[in-house]
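Q: Per my numbering, numbering of the sequence shown is gapless, rising by one per residue and ending at 359.
The beta-carbon is built from N, C-alpha and C at its ideal position, and this holds for glycine as well.
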Amino acid sequence: MKEVSTRERLIHLHECRGIGVKTIYKMLSFDPTLKSIYFMSPHDLREQFQIPSQYVSLFFNDLHTKNISEILSDYNKKHITIITIVDKEYPFLLKQIYMPPYVLYCQGDTRLLQKKMIAVVGTRIPTVYGLNATRLIVNELVEKDFIIVSGLAKGVDFEAHKQAIAANGKTIAVLGSGFEHIYPREHITMAEEMKNKHLLLTEYPPYIKPHKSYFPARNRIISGLSLGTLVIEAKEKSGSLITAQFALNEGREVFAVPGSIFSPTSKGTNLLIQEGAKLVMSIEDILTEFEYSSD
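Structural data, given as structure tokens:
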């Protein structure tokens, strides 16, 4: 029988219900090969890794019934590429963040993960000003060969993907669900186009449905992949500011487009600028931070 690798065990654990990234982190710290996990009793698993009692039996059952070879074969048929943190293809910048995802599920061109990326995020209800700013700046970023990373959400995120494609650039969508449950549903057509010519990325197995807690978590991947994060319109409390905070925590550049003091959708970006984010009025304000020039 073929020896199962640490990489395959990592994927297998990711497929088991009842645990998350933090638990897998504890398991890797306990045993970097993950071999011993398979010989532990439900009681030992609960005590060693603080798995809640209601999830231990679910995890234990999946651990001993799900077949990793069958899982990998199924994903291969569905053209889903899996990149783990032990693979050389794993994005270097993402590996540097706190609690990086151990498994990435990919549909599309994974070569984009080795190129220079910048996150573009913003409100789900942008103004005309916000949409125009997104189109202008994304177009210019594409001209400088940046890969546009966003979250396929309504508003600025969707416009960033759309403009990158229109400008003949490349874009990556980081999802807060599995591939079988694209959210929002009205963006399924865009997701289909992206998985054929660009890249869809998630840390969740394909069958996982979206959950409100998954979207803040995916924001760490959006910022973690990127050299910097550009926020275009955001309310005072928004997911875009969570993404910006992740970027700041990891020492990445944060950029913000200023807006009217009378606009609720500019309050968040204006506050970011007050707190030290780079004010962006043109592409040069971004390029200078990365030592590029528009000449």
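Going by the C-beta, is E314 closer than 6 Å to any heavy atom of the ligand SAM?
A: Absence of the ligand SAM is noted for the structure shown, with no ligands found whatsoever.
Q: At which residue ranges does the stretch 189-214 contain complete beta strand (DSSP E) runs of 3 or more residues, listed in the order of the chain?
A: Within the stretch 189-214, the complete beta strand (DSSP E) runs of at least 3 residues are 211-214.
Q: Let me know the secondary structure DSSP gives V120 once reduced to three states.
A: If DSSP states are grouped into helix, strand and coil, V120 belongs with the helices.
Q: Can you name the residues that DSSP bridges to I182?
A: Answer is I212.
Q: In whole angstroms, give me the CA-to-CA distance for G315 and V202.
A: Those two C-alpha atoms are separated by around 23 Å.
Q: Do R71 and V150 come within 7 Å of each other at the CB atom, strictly closer than that value?
A: Yes. Within cutoff.
Q: How many Å lie between F124 and L98 at the Cα?
A: Those two C-alpha atoms are separated by around 14 Å.
Q: Fully enclosed by the stretch 205-290, which alpha helix (DSSP H) runs are 4 residues long or longer?
A: Listed in chain order, they are 220-230, 252-261 and 278-289.
Q: Can you tell me where the alpha helix (DSSP H) with T187 in it begins and where it stops?
A: No alpha helix (DSSP H) holds T187; DSSP gives it neither H nor E.
Q: Within 8 Å, do at least three Cβ pairs link the stretch 293-312 to the stretch 262-270?
A: Contact between the stretch 262-270 and the stretch 293-312 is absent, because fewer than three Cβ pairs lie under 8 Å.
Q: Closest to V85 by CA distance: which of Q160, P164 and L205 is it?
A: For the residues Q160, P164 and L205, the minimum Cα distance to V85 belongs to P164.
Q: What residues match up with A320 in a beta bridge as DSSP calls it?
A: Its beta-bridge partners are V295 and L343.
Q: Using the Cβ count rule (16 or more neighbours within 10 Å means buried), how would you classify S357?
A: Interpretation of S357 is limited by its pLDDT of 42, a score under 50 that renders its predicted location unreliable; the figure taken from the coordinates is listed afterwards. Label assigned to S357: exposed.
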